[in-house]
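K.L.:
In our numbering, the protein residues as written are 10 to 134. Beta carbons: idealized from backbone N, C-alpha and C, even for Gly. Sharing a structure, written as structure tokens. Questions coming.
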Amino acid sequence: VDAIERHLRLIHAPFGPLTDAQWAHLARHSARTLPDGHLAVHYDPGIAAPLAATPAAAVDLWAFWDRIRIPVLAIRGADSDLLLPDTLRRMEASGARSLVVPDTGHAPALMDAGQIAAIRAFLLG
């Protein structure tokens, strides 16, 4: 599990600043036991290979976005290179609420008490 935690700290550093306890929690819940008794990460490490093999096509999804008729909380890591600030502003202009997680890349871990409170408030609101 320690090796998995070291691996996660390296590859998931963009999740944002996490405590040692949070990294340990992620490691425990990101490990699976293989048939031979060894531990491995509980996801396919090659998950991004198909995306890297094919250039991304420009697709306009705003027509689908505009059909959403329920409350939306758009969560953006402040350092995300996928959900750009202009895109978030357009989401907000259409009525979405937003949460920007500082010092974080595209996929915030959402383990911080303040982040959890903001999501809870949205869900209960």
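Can you give me the C-alpha to C-alpha distance between I128 and P80, rounded to a whole angstrom?
P.N.:
Distance between the alpha carbons of I128 and P80 is about 12 Å.
K.L.:
Does the separation of the CB atoms of F131 and L82 fall below 8 Å?
P.N.:
Closer than 8 Å, so yes.
K.L.:
Do you know how far the Cα of A58 is from the Cα of P64?
P.N.:
Roughly 11 Å separates the two Cα atoms.
K.L.:
Could you check the C-alpha separation between G123 and P111 for me, to the nearest Å?
P.N.:
Computed Cα separation, rounded: 12 Å.
K.L.:
For V10, list the residues DSSP reports as bridge partners.
P.N.:
Its beta-bridge partners do not exist; DSSP assigns none.
K.L.:
Run the CB neighbour count on I84, radius 10 Å, all protein chains shown included, and call it buried at 16 or more, exposed below.
P.N.:
Flag for I84 reads buried.
K.L.:
Put G86 into one of helix, strand or coil per three-state DSSP.
P.N.:
Correct three-state label for G86: strand.
K.L.:
Does the distance from the CB of L48 to the CB of A40 come in under 8 Å?
P.N.:
It is a contact, given that the beta carbons lie within the stated cut-off.
K.L.:
Going by C-alpha distance, which of L133, M120, D121, H115 is nearest I20?
P.N.:
Nearest of L133, M120, D121, H115 to I20, Cα basis: H115.
K.L.:
Please state whether DSSP places R41 in a helix, a strand or coil.
P.N.:
Looking at R41 - three-state DSSP - the assignment turns out to be strand.
K.L.:
How long is the line joining the alpha carbons of R106 and G134, rounded to whole angstroms?
P.N.:
Looking at the two C-alpha atoms, the distance is approximately 11 Å.
K.L.:
What residue does the alpha helix (DSSP H) around R106 start on, and which one ends it?
P.N.:
Note, R106: premise wrong, no alpha helix (DSSP H); beta strand (DSSP E) at 106-110.
K.L.:
Apart from the five residues on each side of it in sequence, which residues of its chain come closer than 7 Å, Cβ to Cβ, to H51?
P.N.:
Excluding positions up to five away in sequence, the list reads S39, A40, R41.
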